[in-house]
Amino acid sequence: MQFSKPKWGTIAQWGGVVAFLIILFTDLRTPVLGGMQRALLATGLWRPALPAAPTQTPVQPTGGTYPHNLSLLTLDGQPANLRNLKGKVVLVNLWASWCPPCVAEMPSLQKLYNQVDKQKVAFVMISLDQNPENARRLMARKGYTFPAYFPAGALPPAFDSESIPTTVIVGPDGQIAARHEGMADYDTPEFKAALEKLAGPARL
């Protein structure tokens, strides 16, 4: 019986297949794919469309009822509600630790959070992880400081989505100003200006 000498090209091809399967079916999948997608955003090779800058005149809240009853839990289990942020522009983001596009866009959201006026703009990062500890570990490992929550019940239709990441921008009066499904780079002057325009002038 004769055995042919293995070709290095064939070995390399099979090695690539094995490496791909290891990444796809192990815990390496999310960080590796998220890192690749984050690199695309950083190099500008892929610029997903962001919600357009709001064109409506900013509406300051009155004594009326806030339209959204979104019950939440903080990372340490304390109750919260979107209604408590009435009067602010709110960036609501649905994410999960196992979602590569979510992980990829998080650094840009953190950079944006560092720049915004916290008295006028709030972040509500809602983790959909079935195991809350996975979300806590990701936040701690990456050093993210934007406020993160878990849903305390079913998401209202205005915020529910069949895909993540999904970002919803809520105006000071509670009206939905913009919605974006999919990964995006939020650390841009244009998007920051859009939030500032929606927030309106500083309030004393």
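Numbering (the UniProt record's numbering), first residue to last: 1 to 204.
Beta carbons: idealized from backbone N, C-alpha and C, even for Gly.
Item checked: 8 Å contact criterion, which Phe159 and Leu70 should meet: CB distance rounded -> Here the question's residue 159 lines up with position 159 in the sequence shown. Here the question's residue 70 lines up with position 70 in the sequence shown. So it is a contact: roughly 6 Å between Cβ atoms.
Exercise. Cβ of Leu155 within 9 Å of Cβ of Ile126?
Worked result: For the purposes of this step, residue 155 is identified with residue 155 of the sequence shown, where counting begins at 1. For the purposes of this step, residue 126 is identified with residue 126 of the sequence shown, where counting begins at 1. Yes; because the gap between Cβ atoms is below 9 Å, this pair is in contact.
- Query: Going by beta carbon distance, what residues of the same chain come within less than 8 Å of Pro79, once the five residues before and after it are set aside?
  - Reply: Residue mapping note: residue 79 aligns to position 79 of the sequence shown, counting from 1. Within the same chain, Pro79 has close Cβ partners Ser71, Leu72, Leu73 and Ala152.
Open item on the list: Mapping the DSSP letters down to three states, classify Ala53 as helix, strand or coil.
Closed with: Here residue 53 refers to the residue found at position 53 when the sequence shown is read from its first residue. Residue placement at Ala53 is flagged as unreliable, the pLDDT there being 48, under the threshold of 50; the coordinate-derived value follows with that caveat. The answer is coil: DSSP assigns Ala53 none of H, G, I, E or B.
DSSP-derived helix/strand/coil call for Leu28:
Along the sequence shown, read from residue 1 onward, the residue named residue 28 stands at position 28. In this prediction, Leu28 scores a pLDDT of 49, lower than 50, which makes its location untrustworthy; no coordinate-derived value is stated.
Check: Glu94 and Thr145: beta carbons closer than 9 Å?
Finding: As a first step, residue 94 must be located in the sequence shown, where it is residue number 94. As a first step, residue 145 must be located in the sequence shown, where it is residue number 145. Just to set this straight, residue 94 is Leu in the shown sequence, not Glu. No, the pair does not count as a contact, with Cβ atoms beyond the cut-off.
* So Gly171 and Leu128 are in contact, right, with Cβ under 8 Å, and what is the actual spacing, rounded? -> Working through the sequence shown from its first residue, we reach residue 171 at position 171. Working through the sequence shown from its first residue, we reach residue 128 at position 128. 24 Å between Cβ atoms; not a contact.
Check your understanding: Where in the UniProt domain "Thioredoxin" (47-200) do unbroken runs of the beta strand (DSSP E), each at least 3 residues long, occur, reported from the N-terminal end onward?
Key -> 71-74, 79-81, 89-95, 121-127, 148-151, 166-170 and 176-181
Quiz item: Between the Cα of Arg136 and the Cα atoms of Lys192, Phe150 and Val89, which residue gives the shortest distance?
Solution: Position 136 of the sequence shown, counted from the first residue, corresponds to residue 136. Cα-wise, what sits closest to Arg136 is Phe150.
Residue from Ser163, Val89 and Leu75 with nearest C-alpha to Phe191 = Locating residue 191 in the sequence shown gives position 191, where the first residue counts as 1. It is Val89 whose Cα lies nearest to the Cα of Phe191.
Verify whether the separation of the beta carbon atoms of Gly143 and Pro165 is less than 9 Å.
Stepping through the sequence shown from its first residue, residue 143 is reached at position 143. Stepping through the sequence shown from its first residue, residue 165 is reached at position 165. Not in contact: Gly143 and Pro165 (Cβ atoms no closer than 9 Å).
Worksheet item: Cα separation between Pro157 and Cys99?
Response: Reading the sequence shown from its first residue, position 157 is the one you call residue 157. Reading the sequence shown from its first residue, position 99 is the one you call residue 99. Using only the alpha carbons, I get a separation of about 21 Å.
Review point. Using the beta-carbon count (16 or more within 10 Å), is Ala140 buried or exposed?
Key: The residue labelled residue 140 in the question sits at position 140 within the sequence shown. Classification for Ala140: exposed.
Would you mind stating whether Gly174 and Lys86 have Cβ atoms separated by less than 9 Å? Position 174 of the sequence shown, counting from 1, holds the residue named residue 174. Position 86 of the sequence shown, counting from 1, holds the residue named residue 86. Result yes, Cβ atoms of Gly174 and Lys86 sit closer than 9 Å.
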